[in-house]
Each structure stands twice: as C-alpha cells, then as structure tokens.
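Working notes, structure below.
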Amino acid sequence: MARELGASIVLQGTIAADIIETAGGVKTQHNVLEQIGINPLEKYGFKIVEPLRELFKNQVRLVAKELGLPNEIVNRRPFPGPGLSIRILGEVDEEKLSIIKSATLIVDEELADIECFQAFPVLLEGRATGVSENSSRKYGYIIALRIVESEDALTAKYLRIDWSRLDRVRNRLLKEVPEVTRVLYDITDKPPATIEFE
C-alpha cells in the first residue's frame, strides 16, 4: 500500500518486544525488518521510522498518557498488525474471517470491563463434533479464548476469571456464531506459549 500511495516514509508501531522475539527466533513479526537484515529502502522503496522501538508496551502506555491521549487509547488492548487473519489457524477464507469477526465482537463486548493485557478468540484448525438444538450431529469450528495479563509482552500469565463470565462468553459464541460447536479456554502462560497463536 505504501508503494501504491507513493509514500517514501512508513511510520510503524514496532516495540521492543517485537524486535526481541523476532531476533531471538521466537516469532516473526510483520513489522521487524531492519533488525533482521532487510533494508526496506532497497527492498520496498521506503524508509521506516519506528519511534517506539526501544520501549515496551507499559512504557508506550506511559508516553500515551503523558501526551494526554484519552484512557480508551492509553489502555487499548493490542491488536495484531496483520489483522484478524492471524487469529485463524490454517487456511484463511471468507467463512473463517466472518466467524472470527463475529467471535471477536462478542469477546470484546463481554470482556470490555476486564482488566487484562489482551483478550481475544482464535479460530483453531480442524473441527469438532457437536449436537444441534434438535439433537442431530453437527460438525463445527473450535474457538479458543485467550485472556492474559502482561507488563511487557515478553511474558504473560493467563487470567483466572469468574466461571460465570466464561459461561456468558461461551453461551453467546455458541448461540450467535452457529458454525462453532466448541469453545476452549487457553490457560497457558508465556512462556512456554506466546500470547498470539501465530
């Protein structure tokens, strides 16, 4: 898109955790180029500016607060740069994008008041057998719910939330996203897992 618009400079929100994890081989971040030997000016024709690259997420929040940004911006949960497709394991298609969009809206609505670093659904690869309301066999998708606490995005702990809250999220997902037959809650810390699945 930068090339299409004729941009000579691209501003990115790369933070220290992105660079550390990519350079360490933990993950490949879409926004880490120069640090792994890719010259964006030579390869893509634009210069990259990363004013936050030496800061961790908690430090970025402090900068935002000092700049006087509203609380909903300062405390906004991270969203993956590549978009929701990163929260679909396996092949991405229109049906799966529709499912993850619907699931994300439900999770965001139900967990908006929970204090956490991140809360999101992931559409897992494969399917699971379920039972429809008329007691017939139904083969559908599996959603994993991930809610974590973190200061720096390098480590994270899964959040222990009230079961009644999880019940509400599960009920809405199964009722409002009929393609889903199973909802799981991911209780894995980072490490050994990463926050996002991909």
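If you read the sequence shown in this note's numbering, its first letter stands for residue 11, the second for the next number, and so on. Yeah, the Cβ is synthetic: ideal placement off N, Cα and C, and Gly gets one too.
Endpoints, beta strand (DSSP E) assigned at residue i
i	result
residue 131	128-141
residue 57	57-59
residue 83	Where residue 83 is concerned, there is no enclosing beta strand (DSSP E), although the alpha helix (DSSP H) it sits in stretches over 81-84.
residue 19	19-21
Residues of its chain near residue i, where Cβ-Cβ distance is below 7 Å and the 5 sequence neighbours each way are ignored
i	result
residue 42	24, 28, 29 and 32
residue 46	32 and 33
residue 174	none
residue 56	12, 17, 18, 19, 20 and 50
residue 199	166, 167 and 168
residue 140	148, 150, 191 and 192
residue 37	31 and 204
N- and C-terminal bounds of the alpha helix (DSSP H) containing residue i
i	result
residue 171	No alpha helix (DSSP H) holds residue 171; DSSP gives it neither H nor E.
residue 155	Note, residue 155: premise wrong, no alpha helix (DSSP H); beta strand (DSSP E) at 147-159.
residue 115	104-121
residue 73	67-76
residue 53	50-54
Secondary structure of residue i, DSSP reduced to three states
i	result
residue 190	strand
residue 14	coil
residue 167	strand
residue 43	coil
residue 29	helix
residue 185	helix
residue 273	A question about residue 273 goes unanswered here, because the residues of the chain that appear run from 11 up to 208.
Beta-carbon gap between residue i and residue j smaller than 8 Å
i	j	result
residue 190	residue 151	yes
residue 207	residue 158	no
residue 58	residue 20	yes
residue 60	residue 22	yes
residue 166	residue 160	yes
Residue i classed as buried or exposed, judged by whether at least 16 other C-beta atoms fall within 10 angstroms
i	result
residue 130	buried
residue 132	buried
residue 156	buried
residue 205	buried
residue 121	buried
residue 106	buried
Beta-carbon contacts of residue i that lie in its chain and below 6 Å, excluding the five residues immediately before and after
i	result
residue 146	none
residue 182	116
residue 110	94, 97, 98 and 133
Beta-carbon contacts of residue i that lie in its chain and below 8 Å, excluding the five residues immediately before and after
i	result
residue 112	186 and 187
residue 102	95
Contact with chain D by residue i, beta-carbon distance below 8 Å
i	result
residue 92	Of the protein chains in this structure there is only one, and it is not chain D.
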